[in-house]
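See structure below.
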Amino acid sequence: MWIISEHSRKDGEAIISASVGSPFDPLVNSAAEYVVKKGLFLLIAAGNEAVDACTISPASTPLVFTVAASSISNVLATFSNYGTCVDIIAPGVNCRTAYLSNGYADGDGTSLATPYVAGWAAVVQGCMHFKAPEKLANYLIQHSLKGAIEGDLKGTPNNFINLNCPLYCL
1255 MWIISEHSRK DGEAIISASV GSPFDPLVNS AAEYVVKKGL FLLIAAGNEA VDACTISPAS
1315 TPLVFTVAAS SISNVLATFS NYGTCVDIIA PGVNCRTAYL SNGYADGDGT SLATPYVAGW
1375 AAVVQGCMHF KAPEKLANYL IQHSLKGAIE GDLKGTPNNF INLNCPLYCL
């Protein structure tokens, strides 16, 4: 795996944002765990099937940082996967994103929520220089906005991305 060898060679800090998923697969989860154990912070989109993220790989892997999506109404997006395997929630409805043919487009999905969290994680990591992925994960959860999402979260932790950190969290 090129990214692991580059990370090891340069002894740097690395964050991976991935929007991949399949039905639960121990082999996929093992591969994700391997990446994190090598010192890379791995964010995974929870998925858009409105099912428990613990049934999806690699979102079900405890070592990855799994991201669900919220709507503009501050509720869990109707399509977002959910549950105890989710670590954090970020905006995932009507998100403006770069688009090949006309420059920009609006889209929905946990694949749009996850890069928001990856950017936040990169800013925090750049300020804090955590030596282990789990320390960055713990910081993001500790400094997330608690209780910002309303309605039935179906067991999803009510941790919402907090873009005021690290500025106001140091």
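Start counting the sequence shown at 1255; every next residue gets the next number (my numbering). Think of the CB as a built atom: it goes at the ideal place given N, C-alpha and C, for glycine as much as any other residue.
Each residue's CA atom was taken as its position, placing Ser-1365 and Met-1382 some 26 Å apart. Phe-1319 is bridged by DSSP to Leu-1297. The residues Ala-1300, Ala-1307, Thr-1320, Ala-1322, Thr-1410, in chain order, have a CB closer than 6 Å to that of Val-1340 in the same chain once the five nearest residues on each side in sequence are set aside. Residue Tyr-1393 holds the alpha-carbon nearest to the alpha-carbon of Leu-1417 among Gly-1405, Glu-1404, Tyr-1393, Lys-1408. Ranked by how close their Cα comes to the Cα of Lys-1400, the residues Ile-1415, Cys-1349, Pro-1312 have Ile-1415 in first place. Under the DSSP assignment, Thr-1364 falls in the alpha helix (DSSP H) whose first and last residues are 1364 to 1382. At least 8 Å separates the beta-carbon of Asp-1360 from that of Gly-1346. Collapsing the DSSP output to three states places Thr-1410 in coil. Taking every protein chain shown into account, the CB of Tyr-1353 has fewer than 16 other CB atoms within 10 angstroms, so this residue is exposed. Closest option to Asn-1302, judged by alpha-carbon separation, among Lys-1292, Ala-1285, Ser-1325, Pro-1280: Ser-1325.
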